[in-house]
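Worksheet: one structure, shown below.
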Amino acid sequence: MQVEAPNHRKLLWSKAMVVSVTEKAKHDFVR
Numbered sequence: 634m635q636v637e638a639p640n641h642r643k644l645l646w647s648k649a650m651v652v653s654v655t656e657k658a659k660h661d662f663v664r
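Residue numbers for the sequence shown follow the working numbering, beginning at 634 and rising by one.
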């Protein structure tokens, strides 16, 4: 459990980063 928690957090963080980067790319692409 102690090993899974940080892993899960990292996964969530990287997912959020991908989403934010995708949104930014979409905006740049539309313009």
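The beta-carbon is built from N, C-alpha and C at its ideal position, and this holds for glycine as well.
What is the DSSP secondary structure of residue i, counted as helix, strand or coil?
i, result
"arginine 642", "helix"
Is there at least one Cβ from chain C nearer than 8 Å to residue i's Cβ?
i, result
"phenylalanine 662", "In the structure shown, chain C cannot be found, because there is only a single protein chain."
Can you name, in chain order, every residue of its own chain whose Cβ lies under 6 Å from the Cβ of residue i, other than the five neighbours on each side?
i, result
"valine 663", "none"
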